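Student: Here it is: the structure, laid out below.
Residue numbers (our numbering): 1486 to 1605.
In structure tokens form, the structure reads like this:
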């Protein structure tokens, strides 16, 4: 069974790119946290890939909600964002993110990180 990845990305171009790069996985792609709520009811994901700037809620707010519910301890959470300043990356890691990939990203680096996090 393919590993399940929930992707939060509001840019249609990046959505398509991520679908092409990560086609070996069972993907659910959402532009907002509100849109993703229907996917959370369908089961647990093996990894979450999230932009920081989302419609309606930031990726930081989503990660905080996951921390509060205990989910961030069980599901790797990787930020993929164009916000590349050291303070943003530091905040992400302090909040419990498993990884941080800067856009535009290196496809091999992103897929390598995801494969390493999803090893059984």
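Yeah, the Cβ is synthetic: ideal placement off N, Cα and C, and Gly gets one too.
Treat the numbers as computed from the prediction; the structure is a model and nothing was measured.
Could you check the C-alpha separation between residue 1560 and residue 1505 for me, to the nearest Å?
Tutor: Answer to the nearest angstrom: the Cα atoms are 22 Å apart.
Student: Any idea what DSSP makes of residue 1587, helix, strand or coil?
Tutor: DSSP places residue 1587 in strand when its eight states are reduced to three.
Student: Is DSSP giving residue 1554 helix, strand or coil here?
Tutor: Residue 1554 falls in the helix class under three-state DSSP.
Student: Can you grab the Cα-Cα spacing for the pair residue 1585 / residue 1532, in whole Å?
Tutor: Looking at the two C-alpha atoms, the distance is approximately 13 Å.
Student: Find the nearest neighbour of residue 1571 within the set 1587, 1563, 1558, judged by alpha-carbon distance.
Tutor: When only C-alpha atoms are compared, the closest one is 1587.
Student: Flag this pair as yes or no: are the beta carbons of residue 1501 and residue 1487 separated by less than 8 Å?
Tutor: It is not a contact, given that the beta carbons lie outside the stated cut-off.
Student: The alpha helix (DSSP H) that contains residue 1503, what's its start and end?
Tutor: Run containing residue 1503: 1497-1506, per the alpha helix (DSSP H) assignment.
Student: Look at residue 1545 and residue 1578 and say whether their C-beta atoms are less than 8 Å apart.
Tutor: Cβ atoms of residue 1545 and residue 1578: not closer than 8 Å.
Student: Assuming residue 1507 and residue 1490 form a contact by the criterion Cβ under 8 Å, report the distance between their Cβ atoms to the nearest whole angstrom.
Tutor: That belief holds up - the Cβ atoms of residue 1507 and residue 1490 are roughly 6 Å apart, short of 8 Å.
Student: So, with DSSP's three-state summary, where would you put residue 1545?
Tutor: In the structure shown, residue 1545 sits in a helix (DSSP, three-state: H, G or I).
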